[in-house]
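As structure tokens, the structure follows; a few thoughts come after it.
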Amino acid sequence: MSNIHPTAIIEDGAQIGENVTIEAYAIIKKNVTLEDGVEIKSHAYIDGYTTIGEGTVIWPSASIGTKTQDLKFQGEKTFVVIGKHCEIREFATINSSCQENSVVRIGDHCLIMAYCHVAHNCEIGNRVIMSNAAMLAGHVIVEDCAIIGGMTPIHQFCRIGAYAMVGGFSRIAHDVPPYTIGAGSPYKIGGLNIIGLKRHGFSLAARRELARVFKITYRAGLKLNEALDAIENEGVSNPYIAHWLHFCRTTKRGLIGFQNPLFDNPEEEAEEDLEEIEKLLEERL
Numbered sequence: 015m016s017n018i019h020p021t022a023i024i025e026d027g028a029q030i031g032e033n034v035t036i037e038a039y040a041i042i043k044k045n046v047t048l049e050d051g052v053e054i055k056s057h058a059y060i061d062g063y064t065t066i067g068e069g070t071v072i073w074p075s076a077s078i079g080t081k082t083q084d085l086k087f088q089g090e091k092t093f094v095v096i097g098k099h100c101e102i103r104e105f106a107t108i109n110s111s112c113q114e115n116s117v118v119r120i121g122d123h124c125l126i127m128a129y130c131h132v133a134h135n136c137e138i139g140n141r142v143i144m145s146n147a148a149m150l151a152g153h154v155i156v157e158d159c160a161i162i163g164g165m166t167p168i169h170q171f172c173r174i175g176a177y178a179m180v181g182g183f184s185r186i187a188h189d190v191p192p193y194t195i196g197a198g199s200p201y202k203i204g205g206l207n208i209i210g211l212k213r214h215g216f217s218l219a220a221r222r223e224l225a226r227v228f229k230i231t232y233r234a235g236l237k238l239n240e241a242l243d244a245i246e247n248e249g250v251s252n253p254y255i256a257h258w259l260h261f262c263r264t265t266k267r268g269l270i271g272f273q274n275p276l277f278d279n280p281e282e283e284a285e286e287d288l289e290e291i292e293k294l295l296e297e298r299l
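Here it is, written out as structure tokens:
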């Protein structure tokens with residue numbers, strides 16, 4: 015049985031599942047679908063052709079499914095689909111999409127913290143975390159298990175790779191490769207997200223293989239296509255490397271480059287520093 019506060023406004027046509035909670039002064043518009051066990055906290059606003067998955071919680075004053083801010087929008091029928099067991103925190107905004115029948119999609123078990131913004135045509139995978147006031151421009155893709163630090167804007171059409179960790183107060187204008195960690199404005203990659211990979215159950219062998227392809231891509235002094243060809247020629251031993259290759263080869267905005275604080279003078283100290291970095295990387299694995 016659902017629990018709906020008498021001050022909540024639910025328009026005719028809205029579809030409400032079983033055991034849904036809608037608190038005081040929340041507004042649910044006519045084309046919204048709330049699946050079983052959804053919780054809508056007070057003063058939240060849900061509009062458009064929006065579907066909210068089972069067990070998801072929308073916190074006070076969040077705004078979901080509202081009209082895109084893309085000036086090209088001409089009133090087309092567009093959608094927002096939020097997966098199961100997500101948390102959309104206070105004052106987060108998730109706009110509807112642009113272009114007929116297009117979808118803003120958020121996967122399962124995501125945490126979208128307070129004041130975050132998700133713009134039109136974005137795609138967010140499963141178990142993604144967006145920290146407070148992180149902002150996605152239009153057409154951004156965030157792959158599974160990525161983490162975006164607070165106050166970080168991401169330029170339209172950029173991609174954040176799976177298991178990547180983007181530090182807070184960064185500025186992203188190009189694709190962030192999967193499995194990496196970095197921060198800054200402009201953004202600098204610091205290496206592999208070793209702690210994140212361990213937490214997600216990546217084996218030592220898998221981490222070693224990713225370290226190998228990372229060094230070929232960013233340390234061998236090769237052009238991107240040359241590095242990717244070299245990795246393929248050595249053999250693709252697991253699906254993580256296959257994803258690395260696919261992600262890097264399909265970039266449209268270009269990959270963010272590598273910067274390591276050990277490099278004071280890369281031209282003079284590259285060989286010496288590379289040995290030190292390899293030792294540090296081996297210890298971290």
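For the sequence shown, the working numbering gives the first residue as 15, with consecutive numbering after it. Don't be surprised by glycine CBs; every beta carbon is placed ideally from N, CA and C.
Distance between residue j and residue i (C-alpha atoms, nearest Å)
i, j, result
"Val71", "Phe216", "30 Å"
"Gln113", "Phe87", "7 Å"
"Ile42", "Pro200", "40 Å"
"Arg241", "Asp158", "Note that residue 241 is Ala in the sequence shown, not Arg. Taking the straight line from one Cα to the other gives about 25 Å."
"Thr231", "Cys262", "10 Å"
"His19", "Glu296", "57 Å"
"Ile245", "Arg222", "14 Å"
"Val250", "Ala106", "40 Å"
"Ala22", "Gly79", "18 Å"
"Glu283", "Gly204", "Low per-residue confidence applies at Glu283: pLDDT is 39, beneath 50, and the placement is therefore not dependable, though the value from the model is reported in the following sentence. Taking the straight line from one Cα to the other gives about 18 Å."
"Arg267", "Leu211", "25 Å"
"Gln273", "Thr194", "Below a pLDDT of 50, predicted positions are generally treated as unreliable, and Gln273, at 39, falls in that range; the measurement from the model is reported next regardless. Answer to the nearest angstrom: the Cα atoms are 12 Å apart."
"Val180", "Pro192", "11 Å"
"Trp73", "Ile54", "6 Å"
"Thr64", "Ala160", "24 Å"
"Ser16", "Phe171", "40 Å"
"Thr265", "His214", "25 Å"
When the options are compared against residue i, the one with the closest alpha-carbon
i, options, result
"Asn115", "Phe93, Ile126, Cys100", "Phe93"
"Leu85", "Phe261, Lys212, Asn252, His134", "His134"
"His99", "Gly79, Ala22, Ile126, Gly89", "Ile126"
"Lys257", "Asn239, Glu248, Ile270, Leu224", "Looking at the sequence shown, residue 257 is not Lys but His. Comparing Cα positions, the closest option is Leu224."
"Glu68", "Tyr39, Ala187, Val34, Ala38", "Val34"
"Thr82", "His131, Val52, Gly121, Val46", "His131"
"Arg103", "Ser111, Val117, Val118, Cys124", "Cys124"
"Val156", "Asn239, Ala176, Asn146, Pro167", "Ala176"
"Phe183", "Arg173, Gly164, Asp189, His169", "Gly164"
"Val117", "Gly62, Ala76, Tyr254, Ser145", "Gly62"
Segment limits, beta strand (DSSP E) that includes residue i
i, result
"Ala197", "194 to 197"
"Thr12", "With the chain covering only 15 through 299, there is no way to say anything about residue 12."
"Thr231", "Counting along the chain, Thr231 falls outside any beta strand (DSSP E), though it belongs to the alpha helix (DSSP H) covering 218 to 233."
"Ile108", "107 to 109"
"Ile66", "63 to 66"
"Arg119", "117 to 120"
Exposed unless 16 or more other CB atoms sit within 10 angstroms - verdict on residue i
i, result
"Ala58", "buried"
"Gly152", "buried"
"Asp26", "exposed"
"Leu218", "exposed"
"Glu248", "exposed"
"Gly89", "exposed"
"Gly139", "buried"
"Ala178", "buried"
Continuous alpha helix (DSSP H) stretch holding residue i: start and end
i, result
"Lys212", "208 to 213"
"Ile96", "From DSSP, Ile96 is part of no alpha helix (DSSP H) but of the beta strand (DSSP E) over 93 to 96."
"His329", "This structure cannot speak to residue 329, because the chain is shown only from 15 to 299."
"Glu90", "No alpha helix (DSSP H) contains Glu90, which DSSP labels as neither H nor E."
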